[in-house]
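Everything below concerns the one structure shown next.
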Amino acid sequence: MIYDIDRDIYRIAVPLEGSPLGTLNAYFFRGPEEDYLMDTGFHTAQCEDSLRTALRALDYRPDRLNILNTHLHMDHTGLNHVFVGKLGRIYISGVDLDRMQRHYRKDGYRRGTRDLREGADQAEFETMLLNGPEKNSADRFAFDAGRYVPLADGQRLDLGPCTLQTVLVPGHTPGNAMFYVPEKKLMFTGDHVLFDITPNITFWPEYDNALQRYLESLERAKRFDVALALPGHRGSGDYRARIDRILLHHEHRLAEIETIVGNEPGLTAYEITRRMRWRIHLDENGRFPPAQLWFAAGECMAHLDKLVADGRMCRVEGEPYVTYHLP
Numbered sequence: 000m001i002y003d004i005d006r007d008i009y010r011i012a013v014p015l016e017g018s019p020l021g022t023l024n025a026y027f028f029r030g031p032e033e034d035y036l037m038d039t040g041f042h043t044a045q046c047e048d049s050l051r052t053a054l055r056a057l058d059y060r061p062d063r064l065n066i067l068n069t070h071l072h073m074d075h076t077g078l079n080h081v082f083v084g085k086l087g088r089i090y091i092s093g094v095d096l097d098r099m100q101r102h103y104r105k106d107g108y109r110r111g112t113r114d115l116r117e118g119a120d121q122a123e124f125e126t127m128l129l130n131g132p133e134k135n136s137a138d139r140f141a142f143d144a145g146r147y148v149p150l151a152d153g154q155r156l157d158l159g160p161c162t163l164q165t166v167l168v169p170g171h172t173p174g175n176a177m178f179y180v181p182e183k184k185l186m187f188t189g190d191h192v193l194f195d196i197t198p199n200i201t202f203w204p205e206y207d208n209a210l211q212r213y214l215e216s217l218e219r220a221k222r223f224d225v226a227l228a229l230p231g232h233r234g235s236g237d238y239r240a241r242i243d244r245i246l247l248h249h250e251h252r253l254a255e256i257e258t259i260v261g262n263e264p265g266l267t268a269y270e271i272t273r274r275m276r277w278r279i280h281l282d283e284n285g286r287f288p289p290a291q292l293w294f295a296a297g298e299c300m301a302h303l304d305k306l307v308a309d310g311r312m313c314r315v316e317g318e319p320y321v322t323y324h325l326p
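Quick note: the sequence shown, position 127, residue 126 per numbering that gives the first Met the number 0, numbers continuous.
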């Protein structure tokens with residue numbers, strides 16, 4: 000489906016097969032000499048066919064198509080290499096680009112070491128790897144770093160129909176970005192502000208207290224004058240009111256974890272995860288779907304990191320697991 004946003008600016012709904020997100024909102028910008036596509040979807044045949052059909056309907060120029068990414072996740076970058084034109088470039092924040100380069104060289108961090116210390120058993124973790132976001136990972140194709148252009152905070156891009164201002168909002172990823180159009184008061188929020196669901200905030204190695212950084216980024220995002228927010232998934236809504244609700248949601252999450260640990264001291268992060276309230280459909284045995292456990296446990300650990308940093312929680316390095324206690 001294609002939706003008009005403004006003159007020469009369109010939203011493309013790209014189906015995300017097997018994802019509870021449902022669709023990706025990709026955005027197409029028709030310029031005078033070249034075109035731009037913001038985010039591309041998973042590296043799957045369904046995403047590729049859907050996106051190509053929409054781009055053809057918009058009469059895009061394949062050789063002159065540039066890609067602009069809000070962040071590094073595979074539902075936003077998976078088809079970069081397929082759609083970038085022969086004369087095009089791929090733009091993403093320098094911070095996320097560095098993470099991608101390390102991942103594709105296979106010398107970067109692979110999630111697992113912390114999960115196993117935090118209460119995941121080996122078989123459970125291997126199942127999560129097979130069914131989680133890694134199944135659509137970039138290992139399936141070559142990463143051409145030479146096609147990428149790093150973006151810095153405040154950097155402007157003239158796309159033709161509008162000029163975008165890069166707004167770095169770390170949290171969802173270390174180099175997560177939004178893009179602002181001051182003259183139209185449009186904000187392409189990516190996954191920083193979503194309106195029907197709360198963005199997943201997980202822990203990142205070598206990146207302390209991701210949740211704290213995300214909350215600070217939300218406060219920064221509130222300062223922009225936004226008439227229309229254009230998110231990476233699902234629908235839109237009142238921009239500032241939604242930010243306030245997300246901030247409140249995380250306050251409630253932090254308090255919920257304190258209550259759980261207060262009632263049962265010495266739990267692991269995975270035990271805490273299973274005691275938290277989630278809008279997740281469990282299987283017939285009351286277990287998390289593997290992909291959803293991956294995201295839920297990561298989010299639980301991000302909240303635990305903030306509680307520990309704030310002095311509201313104690314992290315005990317025991318054997319075989321790390322456990323948590325109130326001070």
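Where a beta carbon is used, it is the ideal one built from N, C-alpha and C, also for glycine.
Let me make sure I understand the geometry here. Which of the options has the alpha-carbon closest to that of residue i?
i, options, result
"Arg146", "Glu125, Met99, Arg51, Asp157", "Met99"
"Leu247", "Leu214, Glu270, Val260", "Leu214"
"Met76", "Leu50, Ala296, Tyr320, Leu57", "Checking the displayed sequence, the identity of residue 76 turns out to be Thr instead of Met. Closest by alpha carbon: Leu50."
"Asp7", "Thr322, Phe294, Gly30, Val321", "Gly30"
"Phe187", "Trp203, Thr162, Ile259", "Thr162"
"Glu298", "Asp282, Arg314, Met275", "Met275"
"Ile11", "Leu36, Ser18, Gly17", "Leu36"
"Ala44", "Arg60, Leu20, Lys221, Val13", "Val13"
"Leu325", "Ala301, Thr172, Arg273, Gly265", "Gly265"
"Gly111", "Cys313, Ser92, Pro204", "Pro204"
"Leu20", "Leu54, Pro160, Lys183, Met73", "Met73"
"Asp143", "His80, Gly93, Ser92, Gln121", "His80"
"Glu316", "Arg55, Asp48, Glu125, Thr267", "Thr267"
"Ala53", "Tyr90, Lys85, Tyr9", "Tyr9"
"Thr322", "Leu210, Cys46, Ala119", "Ala119"
"Cys46", "Ile196, Phe82, Glu125", "Phe82"
"Ile200", "Glu182, Arg286, His302, Val225", "His302"
Would residue i pass as a contact of residue j if the rule is Cβ separation under 9 angstroms?
i, j, result
"Asn65", "Arg88", "yes"
"Leu238", "Glu117", "The question names Leu, yet the displayed sequence has Tyr at residue 238. No, Cβ-Cβ distance for Tyr238 and Glu117 is not below 9 angstroms."
"Pro289", "His280", "no"
"His70", "Gly189", "yes"
"Leu158", "Thr165", "no"
"His171", "Pro149", "no"
"Trp293", "Met127", "yes"
"Asp5", "Leu185", "yes"
"Phe202", "Met300", "yes"
"Ala176", "Asp95", "yes"
Measure the beta-carbon distance from residue i to residue j and round it to whole angstroms, keeping in mind my assumption that it falls under 8 angstroms.
i, j, result
"Arg63", "Asp34", "6 angstroms"
"Leu78", "Ile1", "No, Leu78 and Ile1 are not in contact; Cβ-Cβ is about 17 angstroms, not under 8 angstroms."
"Arg244", "Val192", "About 10 angstroms separates the two Cβ atoms, so there is no contact after all."
"Asn208", "Asp97", "The pair is not a contact, with the Cβ atoms about 19 angstroms apart (cut-off 8 angstroms)."
"Val180", "Ala220", "Not confirmed; about 15 angstroms, so no contact."
"Glu263", "Leu306", "Not really, about 15 angstroms apart at Cβ, beyond 8 angstroms."
"Gly40", "Leu15", "7 angstroms"
"Ala296", "Asp114", "7 angstroms"
"Phe194", "Arg233", "6 angstroms"
"Ser92", "Gly17", "With 8 angstroms as the limit, Ser92 and Gly17 do not qualify as a contact, their Cβ atoms being about 27 angstroms apart."
"Gln211", "Ala122", "Incorrect: roughly 33 angstroms between the Cβ atoms, too far for contact."
Worksheet entry | Cβ contact check for the stretch 209-227 and the stretch 10-24: 3 or more pairs under 8 angstroms | no
Worksheet item: Which ranges does the alpha helix (DSSP H) cover as unbroken runs of at least 4 residues, wholly within the stretch 138-171, from first to last along the chain?
Response: none
Discussion item. Within 8 angstroms, do at least three Cβ pairs link the stretch 223-230 to the stretch 248-265?
Written reply: no
Worksheet entry | Length at least 4, wholly inside the stretch 34-61: the alpha helix (DSSP H) runs in chain order | 44-56
Item to complete: Kindly provide the ranges of any alpha helix (DSSP H) runs that are 4 or more residues long and lie completely inside the stretch 186-269, ordered along the chain.
Response: 209-220, 238-262
Worksheet item: Counting only runs that start and end within the stretch 280-304, where is the beta strand (DSSP E) found for 3 or more residues in a row?
Response: none
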